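Reading through the structure tokens given below for one structure.
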Amino acid sequence: MNVLFFGAHPDDIETFSGGTAFRYAQMGAKLFFCVATNGNVGSSTLGKEEIAKIRKKEAECAANMIGAQLIWLNFDDEFLIDSLETRHA
């Protein structure tokens, strides 16, 4: 069984669906964590590039811990709009 979890921001999947993901992992499902934005406005003290790198590393660690494949769409936080580019990402 394949299970796709989709989050708008880094850590949304872990925060809101972590228990469910863990349960599916226990059942032997192949997990995919898709994160739309890179979290680059998630800090008032770090620059956008630096915080985006940190948030991606955190997402990679979380996915690895549970055995999920991370799909990182890397859109800028707060600027994900309905467009052809977005739809084809």
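Our numbering puts the first residue of the sequence shown at 1039, with every later residue one more than the last.
Cβ atoms here follow ideal geometry from the backbone N, Cα and C, with glycine treated the same way.
As the structure is a computational prediction, the values presented were derived from the model and not from experiment.
- When Ser1055, Asp1115, Met1065 and Ala1100 are compared, the shortest CA-CA separation from Glu1087 is found for Asp1115.
- If you look at Phe1060, you'll find it isn't in any beta strand (DSSP E); it sits in the alpha helix (DSSP H) that goes Asp1050 to Gln1064.
- Using a 10 angstroms sphere on the CB of Phe1071, the tally of other CB atoms reaches 16 or more, which defines it as buried.
- With respect to the 8 Å criterion, Phe1060 and Ile1104 are classified as neighbours on the basis of their beta carbons.
- By the criterion of a C-beta distance shorter than 8 Å, Gly1080 is surrounded in its chain by His1047, Pro1048, Ile1089, Arg1093 and Asp1115, once the five residues flanking it on both sides are discounted.
- Just so you know, the alpha carbons of Val1073 and Met1065 end up roughly 23 Å apart.
- Residue pairing from DSSP places Lys1068 in a beta bridge opposite Asn1040.
- Between Asn1040 and Ala1067, the CB-CB gap stays under 8 Å.
- Counting along the chain, Asn1112 sits inside the beta strand (DSSP E) bounded by residues Gln1107 to Phe1113.
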